[in-house]
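Here's the structure we're looking at; comments come further down.
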Amino acid sequence: MKLEKTNRGFEWIGHPDYLTNEPTRLVSQSSVIGNYEDSVDRPGSSFLWIGPDHHLNREEVTNLIAALQSWVETGSLS
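Numbering (numbering that gives the first Met the number 0) for the sequence shown: 0 to 77.
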């Protein structure tokens, strides 16, 4: 899996098998500001977009869990 950034600075994770023509995002930070004390100071930390239909193996799921846990704790997918 590959961590990228949008032109607006929001992180997203793509899978190499889905990045051939048009990049397909598995998970992407959302620009929506939630009702959290630190939401304004931490853009992209309130909501995530979760991609449509993808098959991930156990190792890939383990990596995705680590990225999601990082996002919950820090607001970053890295």
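Every residue, glycine too, gets a C-beta built ideally from N, C-alpha and C.
For clarity, every value in this text was computed on a predicted model and none was experimentally measured.
Report yes if the C-beta distance between residue i and residue j is below 8 Å; otherwise report no.
i          : j          : result
residue 46 : residue 31 : yes
residue 0  : residue 59 : yes
residue 29 : residue 38 : no
For residue i, which residues in the same chain have their Cβ closer than 8 Å to its Cβ, ignoring the five residues on either side in sequence?
i          : result
residue 3  : 10, 11, 12, 13, 22
residue 53 : 14, 17, 23, 25
Whose C-beta lies closer than 7 Å to the C-beta of residue i among residues of the same chain, with five residues either side of it excluded?
i          : result
residue 69 : 75, 76, 77
Along the chain, where does the alpha helix (DSSP H) that runs through residue i open and close?
i          : result
residue 58 : 57–73
Can you tell me where the beta strand (DSSP E) with residue i in it begins and where it stops?
i          : result
residue 2  : 1–4
residue 24 : 24–28
Considering Cα atoms alone, identify which of the options is closest to residue i.
i          : options    : result
residue 78 : 33, 37, 42 : Residue 78 lies beyond the residue range present for the chain, which begins at 0 and ends at 77; the question has no answer from this structure.
residue 81 : 63, 8, 40  : Residue numbering for the chain in the displayed model covers 0 to 77; residue 81 lies beyond these limits and cannot be assessed.
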